[in-house]
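Structure first, then comments.
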Amino acid sequence: MIRASGVRTWVVSTPEGQAMGIDPPRRWPLVNEALAGPEAPSTGEHVVDLSEPWLLVYTAGRGDPDAIEIGHDRMLLYRRVPELFGYRSDDVPYTGLSLTHGNALIATMMPAIWGVVDHTVLSRWFTRRRLWDVCIEHGVTTWSNLGELATAVYSEPTSDRDRAHSVRLVVSAGMPREIWRPFEERFGVRVLEWYVTMAGGFACNPVGVGPVGSIGKPPEGLLEMDVVDVEGRSVAVGQVGELVLRPVGGEARLTYWRNPEAAARRVRNGWLLTGDMAARDAEGWLYLAQPRGGDGLRRVSDPIPESAPGSPDEDLEMADAQVFGIP
Numbered sequence: 023m024i025r026a027s028g029v030r031t032w033v034v035s036t037p038e039g040q041a042m043g044i045d046p047p048r049r050w051p052l053v054n055e056a057l058a059g060p061e062a063p064s065t066g067e068h069v070v071d072l073s074e075p076w077l078l079v080y081t082a083g084r085g086d087p088d089a090i091e092i093g094h095d096r097m098l099l100y101r102r103v104p105e106l107f108g109y110r111s112d113d114v115p116y117t118g119l120s121l122t123h124g125n126a127l128i129a130t131m132m133p134a135i136w137g138v139v140d141h142t143v144l145s146r147w148f149t150r151r152r153l154w155d156v157c158i159e160h161g162v163t164t165w166s167n168l169g170e171l172a173t174a175v176y177s178e179p180t181s182d183r184d185r186a187h188s189v190r191l192v193v194s195a196g197m198p199r200e201i202w203r204p205f206e207e208r209f210g211v212r213v214l215e216w217y218v219t220m221a222g223g224f225a226c227n228p229v230g231v232g233p234v235g236s237i238g239k240p241p242e243g244l245l246e247m248d249v250v251d252v253e254g255r256s257v258a259v260g261q262v263g264e265l266v267l268r269p270v271g272g273e274a275r276l277t278y279w280r281n282p283e284a285a286a287r288r289v290r291n292g293w294l295l296t297g298d299m300a301a302r303d304a305e306g307w308l309y310l311a312q313p314r315g316g317d318g319l320r321r322v323s324d325p326i327p328e329s330a331p332g333s334p335d336e337d338l339e340m341a342d343a344q345v346f347g348i349p
């Protein structure tokens with residue numbers, strides 16, 4: 023990915039890492055040396071063109087991986103996330119997800135960079151068995167759920183740690199409807215469900231506002247979303263179609279790094295095609311059905327928004343369970 027993007031690259035090296043025997047490859051400069059050198063960025067530098075790329079995010083989306091160019095203007099949306107989520111200044115967000123993932127980037131790291139919260143807690147990976155230990159040790163008040171992570175946590179045997187933590191909010195992208203309320207009651211938390219795509223999609227179901235199972239609504243004044251059929255026509259309430267979006271008063275814009283053809287396939291009549299199948303109720307709340315790939319098939323690596331019927335994870339005698347589709 024680094025070679026394909028052509029971006030300038032640095033490696034972070036710390037005394038702690040060096041003490042552990044981590045020796046970064048010398049084919050890339052160290053960020054420590056770059057910041058101390060003559061070409062270090064100046065605090066006087068600023069962005070003139072908000073459409074200029076700020077970040078390249080590699081995402082498979084619903085097909086082959088491509089790098090999405092995210093402009094500085096996306097900050098107008100992301101800066102509102104802590105307010106939409108109800109973050110407080112004393113909150114301590116945590117994630118075990120990769121920072122290449124929008125969930126970790128937007129909901130966990132950025133609030134600390136902006137100073138909305140004092141700091142965030144990051145780990146190399148997510149572990150369901152040590153989740154509450156991490157939260158207790160570091161004073162975590164909110165953590166990010168993705169797909170079936172919540173199901174994995176819920177399937178663990180009950181213990182004293184279930185409520186020995188300070189977590190008040192679980193920021194979730196894919197909380198199974200069947201365990202939404204039981205999860206809140208068991209662990210003494212509230213669930214905020216949201217939907218985000220690095221191509222520009224965003225919806226939020228704040229705590230105690232929308233119905234259980236809904237991904238929410240787009241932020242008023244910034245985005246509008248619709249559910250359409252294969253011809254691009256809006257479908258009726260309760261009908262499943264493809265979720266599409268565009269900025270309020272404008273047209274969707276998407277740029278893939280060195281791949282304009284891929285971007286052109288994702289935008290139709292000013293609307294961005296998310297590839298996600300969804301439905302809406304009479305009040306405008308959105309519900310995901312299932313994603314589809316370019317070949318119309320669900321991607322195995324996609325988080326599953328709903329548990330399998332009669333989830334075997336409820337059986338405490340079973341250590342784990344996996345569901346496979348048979349063609």
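According to the numbering used here, the stretch in the sequence shown is residues 23 to 349, in order. Using N, Cα and C, we set each Cβ at its ideal position, and we do this for glycine too. Keep in mind the model is a prediction, meaning the values are calculated, not measured.
- Taking 8 Å as the upper bound for CB-CB distance, W202 and V234 are in contact here, some 5 Å apart.
- For A41, the uninterrupted alpha helix (DSSP H) run begins and ends at P37 to A41, by DSSP.
- Using a 10 angstroms sphere on the CB of P240, the tally of other CB atoms reaches 16 or more, which defines it as buried.
- Only exposed fits L244, as fewer than 16 other CB atoms lie within 10 angstroms of its CB.
- Looking at the backbone, the Cα of L52 and that of E273 are separated by about 40 Å.
- For R102, the CB contacts under 8 Å within the same chain, skipping 5 residues up- and downstream, are P241 and L244 in chain order.
- Between the segment 148-156 and the segment 171-190, the count of C-beta pairs closer than 8 Å reaches three or more; the two stretches touch.
- Burial of L168 is indicated by the presence of at least 16 other C-beta atoms within 10 angstroms of its C-beta.
- In the DSSP annotation of this structure, the continuous segment of the alpha helix (DSSP H) that includes M132 starts and ends at M132 to I135.
- Under the three-state reduction of DSSP output, N54 falls in the helix class.
- For T164, the number of other beta carbons within 10 angstroms of its own is at least 16, and it is reported as buried.
- Pairing A225 with M247 gives a Cβ-Cβ distance under 8 Å.
- Cα atoms of G93 and V69: separation of roughly 11 Å, rounded to the nearest angstrom.
- For A56, the closest of S120, V34, L77 and M42 by C-alpha to C-alpha distance is V34.
- Here the C-alpha atom of E215 lies approximately 8 Å from the C-alpha atom of V192.
- Annotation: I90 to S181 spans about 43 Å, alpha carbon to alpha carbon.
- Across the structure, P282 and V231 are spaced so that their CA atoms are roughly 39 Å apart.
- Closest option to L106, judged by alpha-carbon separation, among L265, N227 and D298: N227.
- One thing to note: A195 has its Cβ within 8 Å of the Cβ of Y217.
- Looking only at T122, V143 and M299, the smallest Cα-Cα distance to V79 is reached by T122.
- Inter-segment contact for the segment 261-270 and the segment 285-294 is present: three or more beta-carbon pairs are separated by less than 8 Å.
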